[in-house]
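Structure, rendered in C-alpha cells:
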C-alpha cells in the first residue's frame, strides 16, 4: 500500500531542512534498533552469569569498575564533539537500564525537607526509572541495605545530623556492604555539590584510577599522629582522613576513615604488616586494625576552578 501523503509531507518537500530531518529520523531508528539489540545481549549475559555460578545471596550484579571504564572510554571517544556530561549521562542511563534487565534494582537515598541532593543524584546516576525510596537518615539507608530492602544506598559522605557516623555501622556489621562509588561521578568544576557515597552488596573493582576506603581502629591511648608514619611507610600510598569517631567501650577506640589514592586489595599483605607493626610497637595495646570499607573509581572532573569548559580528566583505559 502506498504511503499516504499529508499536507506536512508536501510542505516539507519545499523545506530545505526536510532532508536533514529525515536523516535525523533515520539515525534515531538505527539508535533504537541498536539499543534493543544491546538489551538482548544483556539478557544473554544474565543467563550466562546464572549458569556459571549460583546466586551469591545479597550480592548485586553491578560491576562498578567495568561501568566506570565504559563511561570514561565513551567520554574519551567523543573527542569533544559532544559535551562530555551529555555522553556520560547517556551511558549511565544505558548502563542502569541494563542493570534493571539483569536484576530488579531499587535505591534507598537520604532525603530531608532541607536537603534532597542524595535522592536526585541517585535518580541521575542509577536512572529515574529505578525505584527510589526516600529516607530521613543515613542509618535508615544502611539498614535498608543490610536488611535487603534495597540494592543500593546513596548517602552523604558526612552526616552532620547523626551523632555517630553511618560508616561505623559497616565496621560493626558482620557481613557489611561496601562503598563502591563516589557521586557525582561526572563532576563539574567548580561545583557546590556535596560528595556522596553509594553502598551495597557490590564487589568493588580496580580500574586505572581509583581510591580505597579503610577504617583504621586504634585504642584511644594511641594518637593518630604517632601511627600515621607507619601507615605511610608500609603502604606507600597517599591518603587523607575523611572523618574520625570516638567509640566508647572497653577499651575506648578511635575510628579513622582513610581515603587512599589507589586501589588497595583487602588481601594486600601490606595491610597485615601495617597493623602488626603498630601492635608490636605499642606492646599490643594499640588493638590496631585496618578494615576495608570499599573502593571507588575516581570521578571524571570537567572544567577548571574558573569554570571554563575543558577536556575531562579521563585516563586511557
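Numbering (our numbering), first residue to last: 142 to 458. Note that CB positions come from ideal geometry on N, CA and C, so glycine has one too.
Indicate the three-state DSSP secondary structure (helix, strand or coil) for residue i in the structure shown.
{"i": "residue 225", "result": "helix"}
{"i": "residue 185", "result": "helix"}
{"i": "residue 305", "result": "coil"}
{"i": "residue 213", "result": "helix"}
{"i": "residue 155", "result": "coil"}
{"i": "residue 435", "result": "strand"}
{"i": "residue 444", "result": "strand"}
{"i": "residue 381", "result": "strand"}
{"i": "residue 163", "result": "helix"}
{"i": "residue 360", "result": "strand"}
{"i": "residue 411", "result": "helix"}
{"i": "residue 417", "result": "helix"}
{"i": "residue 395", "result": "strand"}
{"i": "residue 430", "result": "strand"}
{"i": "residue 400", "result": "strand"}
{"i": "residue 200", "result": "coil"}
{"i": "residue 458", "result": "Because the pLDDT at residue 458 is just 43, under 50, the model does not fix this residue reliably, and the point stays unresolved."}
{"i": "residue 148", "result": "Confidence in residue 148 is poor, its pLDDT being 46 and thus under 50, which makes the residue's placement unreliable; the coordinate value appears in the next sentence. Note: residue 148 maps to helix in three-state DSSP."}
Rounded to whole angstroms, how far is the Cβ of residue i from the Cβ of residue j, which I believe are closer than 8 angstroms?
{"i": "residue 249", "j": "residue 286", "result": "7 angstroms"}
{"i": "residue 274", "j": "residue 300", "result": "Actually they are not in contact, since the Cβ atoms of residue 274 and residue 300 sit about 18 angstroms apart, beyond 8 angstroms."}
{"i": "residue 387", "j": "residue 361", "result": "7 angstroms"}
{"i": "residue 355", "j": "residue 401", "result": "7 angstroms"}
{"i": "residue 272", "j": "residue 247", "result": "4 angstroms"}
{"i": "residue 353", "j": "residue 404", "result": "6 angstroms"}
{"i": "residue 414", "j": "residue 375", "result": "5 angstroms"}
{"i": "residue 293", "j": "residue 383", "result": "In fact, because the Cβ distance is near 20 angstroms, the residues do not count as touching under 8 angstroms."}
{"i": "residue 238", "j": "residue 268", "result": "6 angstroms"}
Do the CB positions of residue i and residue j come within less than 8 angstroms of each other?
{"i": "residue 334", "j": "residue 345", "result": "no"}
{"i": "residue 236", "j": "residue 208", "result": "yes"}
{"i": "residue 320", "j": "residue 396", "result": "no"}
{"i": "residue 357", "j": "residue 399", "result": "yes"}
{"i": "residue 416", "j": "residue 434", "result": "no"}
{"i": "residue 418", "j": "residue 371", "result": "yes"}
{"i": "residue 427", "j": "residue 363", "result": "yes"}
{"i": "residue 233", "j": "residue 266", "result": "yes"}
Near residue i, what residues of its chain come up, given a Cβ to Cβ distance below 7 angstroms and the 5 sequence neighbours on each side ignored?
{"i": "residue 155", "result": "none"}
{"i": "residue 253", "result": "277"}
{"i": "residue 406", "result": "none"}
{"i": "residue 380", "result": "399, 400, 401 and 402"}
{"i": "residue 314", "result": "287"}
Within the same chain, show all residues whose beta-carbon is closer than 8 angstroms to that of residue i, passing over the 5 residues directly before and after it, in chain order.
{"i": "residue 296", "result": "250, 251, 259, 279, 282, 283, 307, 337, 338 and 340"}
{"i": "residue 226", "result": "327, 329 and 443"}
{"i": "residue 242", "result": "180, 183, 184 and 187"}
{"i": "residue 394", "result": "358, 359, 360, 361, 387, 388 and 428"}
{"i": "residue 385", "result": "365, 395, 396, 397 and 398"}
{"i": "residue 173", "result": "none"}
Less than 6 angstroms between C-beta atoms, sequence neighbours within five positions excluded: which residues of the same chain meet that for residue i?
{"i": "residue 200", "result": "342"}
{"i": "residue 348", "result": "206, 209, 210 and 438"}
{"i": "residue 392", "result": "360"}
{"i": "residue 157", "result": "none"}
Going along the chain, which unbroken runs of the beta strand (DSSP E) with 3 or more residues stay wholly within the stretch 232 to 288? 248 to 251 and 273 to 276
Output the residue ranges of the beta strand (DSSP E) runs that lie fully inside the stretch 289 to 355 and measure 3 residues or longer, sorted by chain position. 293 to 297, 319 to 324, 327 to 330 and 337 to 341
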